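Notes follow once the structure below has been shown.
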Amino acid sequence: MAAGFGGYVTATAAAGELVVQPRMGFGDVAAMRAGLLATKRARAATAGTITVDSYTRVGDLGSAAAALASGAALNGYPLVSHGVVVNRALLHGVRDDGFPVQVRHGSANPVRIFEALLDAGLDATEGGPVSYCLPYSRIPLSQAVDHWARGCELLVARGQEEGREPHLETFGGCVLGQLCPPGQLVALSVLEGLFFQAHGLRDISLSYAQQTSPEQDVEAVLALRALAEEFLSGVRWHVVVYAYMGVYPETPRGAAALLTSAAELAVRTGAERLIVKTEAESQRIPTIEENVAALELAGRAARAARPAAPPPPSTDSQVYAEARRLIEATLELHEDVGRALLRAFKLGYLDIPYCLHPDNRGAARSRIDADGRLLWADVGALPLDDLAERHRLRPVGSAELLHALHYVQRKFDGLA
Amino acid sequence: MTRMFPDQNPARIEGRRPRALVSGVASDSHTWNLVYLQLVCEEEGLDVVNLGPCVPDELLVAECVDQRPDLVVLSTVNGHGYREGLRVVPKLRARPELAGVPIVMGGRLGVTGRREKELADQLEAAGCDRVFDSGGPEDIDEFRTLAAAVTWKADDAAARTPVQSG
Numbered sequence: 171m172a173a174g175f176g177g178y179v180t181a182t183a184a185a186g187e188l189v190v191q192p193r194m195g196f197g198d199v200a201a202m203r204a205g206l207l208a209t210k211r212a213r214a215a216t217a218g219t220i221t222v223d224s225y226t227r228v229g230d231l232g233s234a235a236a237a238l239a240s241g242a243a244l245n246g247y248p249l250v251s252h253g254v255v256v257n258r259a260l261l262h263g264v265r266d267d268g269f270p271v272q273v274r275h276g277s278a279n280p281v282r283i284f285e286a287l288l289d290a291g292l293d294a295t296e297g298g299p300v301s302y303c304l305p306y307s308r309i310p311l312s313q314a315v316d317h318w319a320r321g322c323e324l325l326v327a328r329g330q331e332e333g334r335e336p337h338l339e340t341f342g343g344c345v346l347g348q349l350c351p352p353g354q355l356v357a358l359s360v361l362e363g364l365f366f367q368a369h370g371l372r373d374i375s376l377s378y379a380q381q382t383s384p385e386q387d388v389e390a391v392l393a394l395r396a397l398a399e400e401f402l403s404g405v406r407w408h409v410v411v412y413a414y415m416g417v418y419p420e421t422p423r424g425a426a427a428l429l430t431s432a433a434e435l436a437v438r439t440g441a442e443r444l445i446v447k448t449e450a451e452s453q454r455i456p457t458i459e460e461n462v463a464a465l466e467l468a469g470r471a472a473r474a475a476r477p478a479a480p481p482p483p484s485t486d487s488q489v490y491a492e493a494r495r496l497i498e499a500t501l502e503l504h505e506d507v508g509r510a511l512l513r514a515f516k517l518g519y520l521d522i523p524y525c526l527h528p529d530n531r532g533a534a535r536s537r538i539d540a541d542g543r544l545l546w547a548d549v550g551a552l553p554l555d556d557l558a559e560r561h562r563l564r565p566v567g568s569a570e571l572l573h574a575l576h577y578v579q580r581k582f583d584g585l586a
Numbered sequence: 135m136t137r138m139f140p141d142q143n144p145a146r147i148e149g150r151r152p153r154a155l156v157s158g159v160a161s162d163s164h165t166w167n168l169v170y171l172q173l174v175c176e177e178e179g180l181d182v183v184n185l186g187p188c189v190p191d192e193l194l195v196a197e198c199v200d201q202r203p204d205l206v207v208l209s210t211v212n213g214h215g216y217r218e219g220l221r222v223v224p225k226l227r228a229r230p231e232l233a234g235v236p237i238v239m240g241g242r243l244g245v246t247g248r249r250e251k252e253l254a255d256q257l258e259a260a261g262c263d264r265v266f267d268s269g270g271p272e273d274i275d276e277f278r279t280l281a282a283a284v285t286w287k288a289d290d291a292a293a294r295t296p297v298q299s300g
């Protein structure tokens, strides 16, 4: 029997199926349980998700508890506030060897959430010291690095003590959802994977979020696989593709086409798992039924895309060259990956376009070219001088930014 | 339609641009709305202090007191907006220094994706001058008009902290 989340995904992939997974969280226990059961029963190879609410994410447990007490709607499941008895009851008869459940949270200080998920008998979650700090939190990056080091060690110690293999997924391949060039997404995913490994994790997944160009996305996932082979020896890893996380198409047909292309990307690149999005995504938090429909659509699209022999890892691409350069430039800064990440952001060797966090330099800018590829408009201090054109365009105005943010929505709604 | 950055308001003298403070609310991690609104405000002739996402109430109040903005722009799209606005706007209004500053809030404020009139009315009663929650492009047009009309309050000048670049 496959062991844990990573084992399930690896075994499912070996059997020729893409694991599909929603991002689903409800404040109400009955709704959350119904959502997990519906995911489990969906006609696809699924893994379950508990997404925590955003009060819990930022550690505002008082507001989460107050919302629960007053019956107000929450945008996710308040894992810490519900407590261990409720959480175990939620999962009883739901989670099993054929249906692992991952907790998704977005927290720069995940320790309380990790304790709660371990108490609930779970051992799979996601995030990272960079990807859940810079875009989503106000705490200094140095604090997030320390919190995440502690979180990783807690997950490893308690998970392995109970004879399990805890699983942690990097969110680094998704930072800010859109307009971060793929080379840096891949680099961040690998660097967070190395951070997890340094803190004891032996079972990791590496994320990459679909961007604006299908060809470039294939290059990116193949580069991610190649770099994982090179840098992450001694751990079990798989790749998880995220369906587009930016401004989503509004038409059902556009949304379906975008999700289908994400499933095809996963299959063509040998990725083992896919996080789906629903047709409702551009409007509001999706229902259980909409999530199930998205899971089943993605599952069908993945099957239709087979047989596809997994392509070999590809090192001959712009994305690979940029990602490798950023990884190496970062790792050279300090033998400890966490310290190296801090220095890299301080020096601008890593710099997330448009991210407003004070520890992000904010000099790098991106643009979408005529073919839809996501490129650097300004590399700032990124060490990419001979790899990317570094010309500075005039400052981007609101209309231009909006145009770029809506590129994918326009393209896919235009199909309708 | 690309707009550049000329000062739209002839009453605005060089070096005396009114200041907008753009901010997310405590539980909302979304950034693009804030980046976009910063550019819109700049295009309408305002200097912008952008606090970014996930701003705790106390920080928002402290920054508003320090910065003395001529306009406070709260934007949130995670579905907790009405609740958070009803919590934080009274905290802003409780500070005498901020009694007269226009406060506006917009975005996707509830989890249903629809305007919730009763909550919007409560938010306005709590001291929010304008709630932009129709979800349509007319919200931005109206916000631009509002931003372009904001004027600089000379009497607050001495209290201001300089705008930091970047």
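Just so you know, the protein sequences line up as chains L and R, in that order.
Reminder that position 272 of the first sequence reads as 442 in the working numbering, one-by-one numbering, no gaps.
Reminder that position 108 of the second sequence reads as 242 in the working numbering, one-by-one numbering, no gaps.
Built from N, CA and C at the ideal position, the CB exists for glycine as well.
Computed from a predicted structure; not experimentally measured.
Check                                                                                                                                                                                            : Outcome
Give me the Cα-Cα distance between Y216 of chain R and C188 of chain R, rounded to the nearest whole angstrom.                                                                                   : 15 Å
Cβ closer than 8 Å: which chain R residues qualify as neighbours of Y306 of chain L?                                                                                                             : S163, P187, C188
Three or more C-beta pairs closer than 8 Å, one from the segment 197-214 of chain L and one from the segment 478-492 of chain L: is that the case here?                                          : no
In the DSSP assignment, find the unbroken alpha helix (DSSP H) run with H573 of chain L in it and report its ends.                                                                               : 568-575
Is it the case that the Cβ atoms of A290 of chain L and V254 of chain L are separated by a distance below 8 Å?                                                                                   : yes
Look at the alpha carbon of P190 of chain R and the alpha carbon of A160 of chain R, and state the distance between them as a whole number of angstroms.                                         : 5 Å
Listing by chain order, which chain L residues have their CB less than 8 Å from the CB of R202 of chain R?                                                                                       : Within 8 Å Cβ-Cβ: nothing; R202 of chain R doesn't reach chain L, min ~21 Å.
Name the chain R residues whose beta carbon is nearer than 8 Å to that of S383 of chain L?                                                                                                       : Correct list: empty, because the minimum Cβ distance to chain R is about 20 Å.
Under a Cβ-count criterion, where at least 16 other Cβ atoms within 10 Å of its own Cβ denotes burial, should D548 of chain L be classed as buried or exposed?                                   : buried
Would you call A427 of chain L buried or exposed, if buried means 16 or more other Cβ atoms sit within 10 Å of its Cβ?                                                                           : buried
From the DSSP secondary-structure annotation, give me the bridge partner or partners of E296 of chain L.                                                                                         : L:E339
Which chain L residues are close to L168 of chain R, counting only those with a beta carbon under 8 Å from its beta carbon?                                                                      : L526
At a CB-CB cut-off below 9 Å, which residues of chain L make contact with A160 of chain R?                                                                                                       : S224, Y225, V228, D230, S233
When you compare only the Cα positions, how much space is there between R153 of chain R and L180 of chain R?                                                                                     : 5 Å
Decide yes or no for the touch test of the segment 406-426 of chain L against the segment 506-526 of chain L: beta carbon pairs closer than 8 Å, at least 3 of them.                             : no
Please look up how many angstroms separate the CB atoms of A398 of chain L and G363 of chain L, rounded, as I've assumed it's under 8 Å.                                                         : 7 Å
Between L376 of chain L and T439 of chain L, how many whole angstroms is the CB-CB distance? I'm expecting something under 8 Å.                                                                  : Contact flag wrong, Cβ pair sits at about 12 Å.
If you run the structure through DSSP and keep just helix, strand and coil, what is L557 of chain L?                                                                                             : coil
Write down the C-beta distance between Y302 of chain L and A278 of chain L rounded to the nearest angstrom, noting that I regard them as a contact closer than 8 Å.                              : 5 Å
Measuring only the C-alpha atoms, how far is D583 of chain L from P419 of chain L?                                                                                                               : 6 Å
Identify whether H164 of chain R lies in helix, strand or coil by the three-state DSSP scheme.                                                                                                   : coil
So is L325 of chain L in contact with chain R if we call contact Cβ pairs under 8 Å?                                                                                                             : no
Going by the C-beta, is R150 of chain R closer than 7 Å to any heavy atom of the ligand COA?                                                                                                     : Looking at this structure, you won't find the ligand COA or any other ligand, since it has none at all.
Could you compute how far the alpha carbon of D223 of chain L sits from the alpha carbon of G195 of chain L?                                                                                     : 7 Å
Does any C-beta atom of chain L lie closer than 8 Å to the C-beta of E177 of chain R?                                                                                                            : yes
Is it true that the CB of D162 of chain R sits closer than 8 Å to the CB of T210 of chain R?                                                                                                     : yes
Quick one: what's got a C-beta closer than 8 Å to R151 of chain R's C-beta in the same chain, skipping five residues either side?                                                                : D141, G179, L180, D181, W286
Does M171 of chain L get closer than 8 Å to chain R when you measure Cβ to Cβ?                                                                                                                   : Unreliable positioning characterises M171 of chain L in this predicted model, as indicated by a pLDDT of 37, which lies under 50. The coordinate reading is nonetheless provided below. No, M171 of chain L does not count as interfacial toward chain R.
In chain L, which residues lie less than 8 Å from V235 of chain R when you measure between Cβ atoms?                                                                                             : Chain L residues near V235 of chain R: none, gap ~22 Å exceeds 8 Å.
When the distance is taken between beta carbons, is V250 of chain L closer than 8 Å to L231 of chain L?                                                                                          : yes
Please work out which residues of its chain come closer than 7 Å, Cβ to Cβ, to E258 of chain R, disregarding the five sequence neighbours upstream and downstream, and give them in chain order. : V265
Run through DSSP, which three-state label would I458 of chain L get?                                                                                                                             : helix
Note down the Cα distance separating A115 of chain R from L304 of chain L, rounded to an integer number of angstroms.                                                                            : The structure shown does not extend to residue 115 of chain R, since chain R is modelled only from 135 to 300, so the question has no answer here.
Can you pull out the residues from the segment 238-262 of chain L whose beta carbon lies closer than 9 Å to at least one beta carbon of chain R?                                                 : A242, A243, L244, N245
Assuming the contact rule is C-beta atoms closer than 8 Å, D263 of chain R and P236 of chain R should be a hit. Round their C-beta distance to whole Å, please.                                  : 5 Å
Would you mind giving the Cβ-Cβ distance between T246 of chain R and L346 of chain L, rounded to the nearest angstrom? I have them listed as a contact below 8 Å.                                : No, T246 of chain R and L346 of chain L are not in contact; Cβ-Cβ is about 26 Å, not under 8 Å.
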